[in-house]
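> Going by our numbering, the letters in the sequence shown line up with residues 3 to 235, in that order.
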Amino acid sequence: MRIKKRSRKWDLVVPVPALFQDCKAEVRIPHTSSVKGCHSCLRLGRSVCVECMASGRRQCGLCSGSGWYFNNQCLACGGTGIAVCISCGGMGSTVCSTCYGKGKLLWFLKLKIKWKNNIHKTVLYKHSELPIDQLEKVIGENLFTEMNQLVYPVVSFPDNAVNAASREAVRAHQAQFSTTCRILQQRQTIELIPVTRVHYSWKEKTHIYFVYGAEHKVYTKDYPVKCCCCSIL
3 MRIKKRSRKW
13 DLVVPVPALF
23 QDCKAEVRIP
33 HTSSVKGCHS
43 CLRLGRSVCV
53 ECMASGRRQC
63 GLCSGSGWYF
73 NNQCLACGGT
83 GIAVCISCGG
93 MGSTVCSTCY
103 GKGKLLWFLK
113 LKIKWKNNIH
123 KTVLYKHSEL
133 PIDQLEKVIG
143 ENLFTEMNQL
153 VYPVVSFPDN
163 AVNAASREAV
173 RAHQAQFSTT
183 CRILQQRQTI
193 ELIPVTRVHY
203 SWKEKTHIYF
213 VYGAEHKVYT
223 KDYPVKCCCC
233 SIL
């Protein structure tokens with residue numbers, strides 16, 4: 003006779019979804035199933051009706067228990083003021099909502115898996131007039147992309163600030179996730195976001211606006227005309 007061993011949760015083979023996307027899945031662990039009696043109804047398949055407290059009768063809803071309806075004997079309860087419980091049909095019990103009348107439940111262990119795309123962004127920008135959060139909303143020209151199970155810090159980029167930012171990002175990601183999660187894949191990209199600073203005059207006063215990103219977004223802190231908008235051609 004061959005005895006099947008209970009599977010360990012980390013031994014289960016679960017298809018990996020598309021990379022760099024959040025996803026959730028639930029998998030039943032093999033050889034952990036067992037049938038047990040329902041704890042809610044004590045294996046009876048039916049539960050006490052809470053509307054009539056197992057009596058099968060309730061106060062008549064039409065005459066409110068008086069037996070009379072507009073000075074006439076209530077036809078719904080025959081003048082008794084008591085009617086059959088609608089919830090249980092007079093049986094005093096209802097089908098168990100836990101086991102749906104079966105009296106038994108299937109128990110098993112279930113593995114819940116969550117794939118999380120953790121993003122670390124660093125924006126290197128030296129001008130304070132354009133807020134950094136604006137640059138995080140646009141895309142730029144891709145200068146470098148590396149994808150592997152574990153990526154290495156960039157060391158040969160002409161700007162040492164980029165090398166330092168890459169080194170810190172890789173270190174922070176490893177420190178935060180290597181001991182608590184399984185890292186499936188890492189991707190490191192460097193983008194150059196074009197930023198154009200424009201000086202213009204309006205009513206003999208000089209103002210500034212910025213055009214940035216591949217989408218040519220426009221930002222200005224103090225737009226001189228509040229009541230209308232303009233278009234940049």
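Backbone N, C-alpha and C fix where the C-beta goes; we use that ideal spot for every residue, glycine too.
What are the uninterrupted segments assigned as alpha helix (DSSP H) that are 4 or more residues long and contained completely in the segment 146-185, given in chain order?
Segments of the alpha helix (DSSP H) lying fully in the segment 146-185: 162-179.
> I'd like to check one pair, leucine 14 with leucine 186: are the Cβ atoms closer than 8 Å?
The answer is no: Cβ separation not under 8 Å.
> Which runs of the beta strand (DSSP E) at least 3 residues long sit entirely within the segment 30-105? Give them in chain order.
Listed in chain order, the complete beta strand (DSSP E) runs (minimum 3 residues) inside the segment 30-105 are 36-39, 48-50, 59-61, 84-86 and 95-97.
> Return yes when the Cβ of valine 37 is within less than 8 Å of the Cβ of lysine 106, no when it is not.
In contact: lysine 106 and valine 37 (Cβ atoms closer than 8 Å).
> May I ask you to report which of helix, strand or coil DSSP gives isoleucine 141?
Correct three-state label for isoleucine 141: coil.
> Can you give me the Cβ contacts of valine 195 inside the same chain, cut-off strictly under 7 Å, excluding the 5 residues immediately before and after it?
The question names valine, but residue 195 in the sequence shown is isoleucine. Contacts found: Leu137, Val140, Gly142, Tyr214 and Gly215.
> With DSSP as the reference, label isoleucine 134 as helix, strand or coil.
Reduced to three states, the DSSP call for isoleucine 134 is helix.
> How should alanine 167 be labelled, buried or exposed, when 16 other C-beta atoms within 10 angstroms of its C-beta is the threshold for buried?
Answer is buried; the Cβ neighbour count reaches 16.
> Is lysine 223 buried or exposed, if buried means 16 or more other CB atoms sit within 10 Å of its CB?
Lysine 223 comes out exposed.
> In whole angstroms, what separates the C-alpha of arginine 4 from that of histidine 33?
Confidence at arginine 4 is low in this model, with a pLDDT of 47, below 50, so its placement is unreliable and no value can be given for it.
> Thinking just about the alpha-carbon of each residue, which of Thr100, Thr198 and Asn120 is nearest to the one in aspartate 297?
Limits of the chain in this structure are 3 at one end and 235 at the other, which puts residue 297 out of reach.
> Looking only at its own chain, which residues have a Cβ that is under 6 Å from the Cβ of valine 86, when we skip the five neighbours before and after it?
Excluding residues within five positions, the ones whose Cβ falls inside 6 Å are Gly92.
> For leucine 111, tell me which candidate among Thr208, Thr198, His209 and Arg30 has the shortest Cα-Cα distance.
Measuring from the Cα of leucine 111, the nearest candidate turns out to be Arg30.
> Could you tell me the alpha carbon to alpha carbon distance between glutamine 178 and methionine 55, rounded to whole angstroms?
So the alpha carbons of these two residues sit roughly 55 Å apart.
> I'd like to check one pair, isoleucine 134 with valine 16: are the Cβ atoms closer than 8 Å?
Cβ atoms of valine 16 and isoleucine 134: not closer than 8 Å.
> Can you give the Cα-Cα distance for tryptophan 70 and isoleucine 88, rounded to whole angstroms?
Whole-angstrom Cα-Cα distance: 20 Å.
> Are the CB atoms of valine 200 and tyrosine 211 nearer to each other than 8 Å?
Yes.
> Please name the residue in Cys76, Arg59 and Gly58 whose C-alpha comes closest to that of cysteine 65.
Closest option to cysteine 65, Cα to Cα, is Cys76.
> I think threonine 191 touches asparagine 150, with their Cβ atoms under 8 Å apart; what is that distance to the nearest whole Å?
Threonine 191 to asparagine 150, Cβ: 13 Å. No contact.
> Would a C-beta distance cut-off of 8 Å place valine 153 and valine 125 closer than the cut-off?
In this structure, valine 125 does not lie closer than 8 Å to valine 153 by Cβ.
> Where does the unbroken beta strand (DSSP E) through phenylalanine 212 begin, and where does it stop?
Unbroken beta strand (DSSP E) run through phenylalanine 212: 207-214.
> Compare the Cα-Cα distances from glutamine 61 to each of Cys40, Ile84, Phe72 and Ala78 and report the closest residue.
Closest by alpha carbon: Ile84.
> Please name the residue in Leu132, Phe159 and Lys118 whose C-alpha comes closest to that of threonine 182.
Looking at the Cα atoms, Lys118 is the closest of the given residues.
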